[in-house]
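Visitor:
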Amino acid sequence: MLKQLNEKPNRSEVDERLILGFQAARDKMLKHYKKSNWIYCTSLILDPRHKTQTFDMTLWGKQIKTESLRKFNELYKEYKSLHSVNTSLESPRNEKKVCEYDEDEDVIDFEKLYAYPSTSSGSGSFHQGLVIDELEEYLSKPRAASSEDILEWWRTHETEYPTLSKMARDFLSIPATSVPAERLFSKVSLVIRKHRNRLSDESARWLLCINSWSKELI
């Protein structure tokens, strides 16, 4: 939309304000996104329905593919050295910034992605230098079907990919947005009001649960 407004002839005052608003929103998003986009790249590769093929669907994706794979390989080796098959799961301590970009105007057509033949994701020169073991085997196998439950997929393949399954448990469990948590805080303010300030923690929790469950049944 920003591109369309910039190319629009005889822009009105409203158009100019919209452009400024979109630019401010974009700059704000990029400021925070650059701090966490390595998580999105890692989660995408750990999704057996996508692996690395989604990177090829947009210009931006192609630009960050090599760097994303390099960072993913570093993280994989870190997990491999910190975790053995019988140790408990533990999130990596050293968070790294991955795949910065200036602007993303690409739109991914997921129906087109799933229409692609489910071929190997590990062909070509993109995977040169990766650890030739569990990771290379995972990337070389065909992608899972679009209807696949990815958590169930990793549970099934846990013994086949022990290190990657630990990464999947850590990264795929990260909420994509904080909106549900923020909504919960707003609901709490409606439950614990000035005239109901003596509600116990347990009572407040049950009231919030009942409210959520009743809406799901409607």
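For what it's worth, full-length UniProt numbering labels the leading residue of the sequence shown as 1, then goes sequentially. Idealized CB from N, CA, C, for every residue including glycine.
On the DSSP letters alone, give me the boundaries of the alpha helix (DSSP H) that Ala168 sits inside.
Guide: Unbroken alpha helix (DSSP H) run through Ala168: 162 to 171.
Visitor: Any idea if Gly21 is buried or exposed, counting beta-carbon neighbours within 10 angstroms, 16 or more meaning buried?
Guide: Exposed: under 16 other Cβ atoms inside 10 Å.
Visitor: Since Leu69 contacts Thr42 with CB under 8 Å, what's their CB separation in whole angstroms?
Guide: The Cβ separation is near 10 Å, so there is no contact.
Visitor: Got a sec, what are the start and stop residues for the alpha helix (DSSP H) Ile192 sits in?
Guide: Ile192 -> no alpha helix (DSSP H), and no H or E assigned at all.
Visitor: How big is the Cα-Cα spacing for Lys51 and Leu208?
Guide: Cα to Cα, the separation comes out at about 38 Å.
Visitor: With DSSP collapsed to three states, give me the class of Pro142.
Guide: The answer is strand: DSSP assigns Pro142 an E or B state.
Visitor: Could you pull out every residue in the same chain whose Cβ sits closer than 6 Å to the Cβ of Tyr138, ignoring the five residues on either side in sequence?
Guide: Counting only Cβ-Cβ distances below 6 Å, and skipping sequence neighbours, we find Tyr161, Leu164.
Visitor: Which of the three DSSP states is assigned to residue 263 in this structure?
Guide: Residue coverage of the chain in this structure runs from 1 to 218, which leaves residue 263 outside it and unanswerable.
Visitor: Go ahead and label Lys28 buried or exposed: buried means 16 or more other beta carbons lie within 10 angstroms of its beta carbon, across all protein chains shown.
Guide: Exposed: under 16 other Cβ atoms inside 10 Å.
Visitor: Indicate whether Arg143 and Arg49 have their beta-carbon atoms separated by less than 8 Å.
Guide: Yes; because the gap between Cβ atoms is below 8 Å, this pair is in contact.
Visitor: Measure how close the beta-carbons of Phe171 and Leu46 come, nearest whole angstrom, since I'm counting them as under 8 Å.
Guide: That belief holds up - the Cβ atoms of Phe171 and Leu46 are roughly 6 Å apart, short of 8 Å.
Visitor: Tell me whether Glu182 sits in a helix, a strand or coil according to DSSP, three-state version.
Guide: Three-state result, Glu182: helix.
Visitor: The alpha helix (DSSP H) that contains Leu199, what's its start and end?
Guide: That residue, Leu199, is in no alpha helix (DSSP H); it is neither H nor E in DSSP.
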